[in-house]
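Student:
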């Protein structure tokens, strides 16, 4: 890191004054040695998605919003993100928070994350405040990687235990299946919190709604919010017997109960996503701070909605957020939030490092080279990514008779730089689901369009309470025009399959994975579903190199939709 880059980082992290600058320039690790502030500290990370090793993760080129939500946190990408938070292009926080100049900045600053470094950083920060801290996990930790799949989530629980996590909430954890989740909970030292998870049989709460902690002269409560739409996002059998939901009135009751007990500060540990959490801050009285996860957003500066602070924790192990609270009777007087990048220059925790090495020692095939990467492979975007195109091309190569391929618009994944190497570990970093099978089925044209309309109604709902997760499913072999501002049912225009206008009454041969779309069609007899990563591995091995220039297949009305290196 150059002196200029370090000074830019210092400004973002709030290190000011000649003495502090001189110390940080001499010892870069001083960036993480924050002066004392307030009465209590929260150490927060979110959406790790099973990533145990350092890696690259590029933020989305586009976060298209419904018009009423445009320009708000949760929908800021690239230059708009930099402008909103007052960051400089080319800085470390521009690398952490945007896609701009990503390959250049990735080579300058290196990979991010890694369980061993995150653990060491958490322990060091906790030691700085004399142990007066809670370690909070925002959910989506146990799944979506090679190690998490091979150990059925146990490696992640082992890591959480040795890191000293105090509380967590759930979402993708349920894709391990309810029985496995309950089995892992017996080993988990952290306490799961959820006011909005109930048992279907009697309607009883499954977990404590909150936990209360002493904070010097004050008390602080943490309420947990499970992702409200688990049943919509994933096959129902994974969470059989459980019910979820936003349950806004129930949340208000819990907050009122805590206030009646004299709790001073109320914190919501939420896996609802930043747009939904912003709406909750507007509608539920008495929450002092929301720690937001699910949508993978990052807030370099805390947000304020009414009397509620909001802080989002990023994803993929890229950062640890330290929130220092200055409390008062009945609330938070002020806070200091610092986004601490998990860089490769940070020390590693020996126990966490040994855990990660053991997992990969038992699964050596995860790191075997498969193909050379010659173009930028990334996942996150509202409509399109090169990793999704790789998956779709691999399916098409195996089934050339297929006319349309769908790939799910999940947010998690990784990024591979030109000159890198594709491994099974990196493939599973964005396909590592417990339901990865590729299905072939027939679907009428009118149903294809209706499916796209349903997805668009979810993604572009102007009320966050009706957004039920994810970006638009990606399509291959099918192109269309999107009008995000049109009424529901009228957003998808000019649909074409292989260059020809969609025929409503015609049956098309479709392939899809990672969802339930096959239930809307007629399955092809004789086809045995296989995991999508097997298709990608076979395709990559045959090609020997991966060189995918971006080819977005959606035209967007009323937005400046652009892909770096691709056509407008």
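Residue numbers (the UniProt record's numbering): 1 to 568.
For every residue, glycine included, the Cβ atom is placed at its ideal position computed from N, Cα and C.
Give me the residue from 280, 540, 330 with the minimum Cα distance to residue 265.
Tutor: Nearest of 280, 540, 330 to residue 265, Cα basis: 330.
Student: What separation, rounded to the nearest whole angstrom, lies between the Cα atoms of residue 276 and residue 292?
Tutor: The alpha-carbon atoms of residue 276 and residue 292 are separated by roughly 9 angstroms.
Student: Please classify residue 26: is it buried, with 16 or more other beta-carbons within 10 angstroms of its beta-carbon, or exposed?
Tutor: Low local confidence applies: a pLDDT of 45 at residue 26 is under 50, so the model's placement there is unreliable, with the coordinate-based value given in what follows. Exposed, because fewer than 16 other Cβ atoms sit within 10 Å of the Cβ of residue 26.
Student: By Cβ distance below 7 angstroms, which residues in the same chain neighbour residue 384 in space, the five residues on each side in sequence not counted?
Tutor: So the qualifying residues of the chain are 474, 552, 553, 554, 563.
Student: Going by DSSP, what residue range makes up the beta strand (DSSP E) through residue 46?
Tutor: No beta strand (DSSP E) contains residue 46, which DSSP labels as neither H nor E.
Student: Can you tell me whether residue 527 is buried or exposed? The criterion is at least 16 other CB atoms within 10 Å of its CB, across all chains shown.
Tutor: It is exposed - the Cβ of residue 527 has fewer than 16 other Cβ atoms within 10 Å.
Student: Of all the options 471, 530, 532, 141, which has the alpha carbon lying nearest to the alpha carbon of residue 64?
Tutor: For residue 64, the nearest C-alpha among the options comes from 471.
Student: Less than 8 angstroms separating the beta-carbons of residue 178 and residue 238?
Tutor: Cβ distance < 8 angstroms, so residue 178 and residue 238 count as in contact.
Student: Can you tell me which of the three DSSP states residue 456 falls into?
Tutor: It is helical.
Student: Out of 62, 430, 47, 120, which has the shortest C-alpha to C-alpha gap to residue 138?
Tutor: Checking every option, the nearest Cα to that of residue 138 belongs to 47.
Student: Tell me where the beta strand (DSSP E) around residue 443 begins and ends.
Tutor: Run containing residue 443: 437 to 444, per the beta strand (DSSP E) assignment.
Student: Return the bridge partner residues of residue 475 from the DSSP annotation.
Tutor: In the DSSP output, where bridge partners are listed per residue, residue 475 has 406.
Student: Who are residue 168's beta bridge partners in DSSP?
Tutor: 137, 192, per the DSSP bridge assignment.
Student: Quick one: give me the first and last residue of the beta strand (DSSP E) that residue 94 is part of.
Tutor: Premise fails: residue 94 lies in the alpha helix (DSSP H), 92 to 97, not in any beta strand (DSSP E).
Student: Is the beta carbon of residue 532 sitting closer than 8 angstroms to the one on residue 438?
Tutor: Against a cut-off of 8 angstroms, the Cβ pair of residue 438 and residue 532 comes out as a contact.
Student: State the DSSP-derived secondary structure class of residue 41, mapped to helix, strand or coil.
Tutor: Of the three classes helix, strand and coil, the one that applies to residue 41 here is strand, per DSSP.
Student: If you follow the beta strand (DSSP E) that residue 328 is part of, which residue opens it and which one closes it?
Tutor: From DSSP, the beta strand (DSSP E) with residue 328 extends over 319 to 328.
Student: Helix, strand or coil for residue 309 per DSSP?
Tutor: Strand at residue 309.
Student: Is the stretch 243 to 263 in contact with the stretch 153 to 164, if contact means three or more CB pairs nearer than 8 angstroms?
Tutor: No contact exists between the stretch 243 to 263 and the stretch 153 to 164.
Student: Please report the distance separating the alpha-carbon of residue 404 from that of residue 119.
Tutor: Using only the alpha carbons, I get a separation of about 43 angstroms.
Student: By how many angstroms is the C-alpha of residue 550 removed from the C-alpha of residue 494?
Tutor: Near 21 angstroms, if we compare the C-alpha coordinates of residue 550 and residue 494.
Student: According to DSSP, is residue 371 helix, strand or coil?
Tutor: Strand at residue 371.
Student: Taking the CB atoms as reference points, tell me whether residue 341 and residue 66 lie closer together than 8 angstroms.
Tutor: Not in contact: residue 341 and residue 66 (Cβ atoms no closer than 8 angstroms).
Student: Please determine, among 424, 40, 279, 52, the residue with the shortest C-alpha to C-alpha distance to residue 351.
Tutor: Checked all of 424, 40, 279, 52; the closest Cα to residue 351 is 52.
Student: Are the beta-carbon atoms belonging to residue 195 and residue 242 less than 8 angstroms from one another?
Tutor: No, Cβ-Cβ distance for residue 195 and residue 242 is not below 8 angstroms.
Student: Note down, in chain order, each residue of its chain lying with its Cβ closer than 7 angstroms to the Cβ of residue 75, except the 5 sequence neighbours on either side.
Tutor: Closer than 7 angstroms at Cβ, skipping near neighbours: 63, 65, 69.
Student: How many angstroms separate the CA atom of residue 338 from the CA atom of residue 125?
Tutor: The straight-line gap from Cα to Cα measures roughly 11 angstroms.
Student: How far does the beta strand (DSSP E) with residue 512 in it extend, from its first residue to its last?
Tutor: Residue 512 -> beta strand (DSSP E) spans 507 to 513.
Student: Would you list the one or two residues that DSSP bridges to residue 223?
Tutor: Paired residue(s): 210, 268.
Student: Can you grab the Cα-Cα spacing for the pair residue 458 / residue 36, in whole Å?
Tutor: Rounded to the nearest angstrom, the two C-alpha atoms are 44 angstroms apart.
Student: Below 8 angstroms on the Cβ atoms is my guess for residue 223 versus residue 184; work out the distance and round it to an integer in Å.
Tutor: The Cβ separation is near 22 angstroms, so there is no contact.
Student: Quick check: what's the CA-CA separation for residue 394 versus residue 388?
Tutor: Rounded to whole angstroms, residue 394 to residue 388 spans 10 angstroms at the Cα level.
Student: Kindly give me the distance between the Cβ atoms of residue 397 and residue 57, rounded to whole angstroms, as I take these residues to be in contact under 8 angstroms.
Tutor: Contact flag wrong, Cβ pair sits at about 27 angstroms.
Student: Looking only at its chain, what residues have a beta carbon closer than 8 angstroms to the beta carbon of residue 94, apart from the 5 residues adjacent to it on each side?
Tutor: Closer than 8 angstroms at the Cβ level, and outside the excluded window around residue 94, lie 82, 87, 88, 100, 101, 105.
Student: What's the call for residue 176, buried or exposed, on a 16-neighbour Cβ count within 10 Å?
Tutor: It is buried - the Cβ of residue 176 has at least 16 other Cβ atoms within 10 Å.
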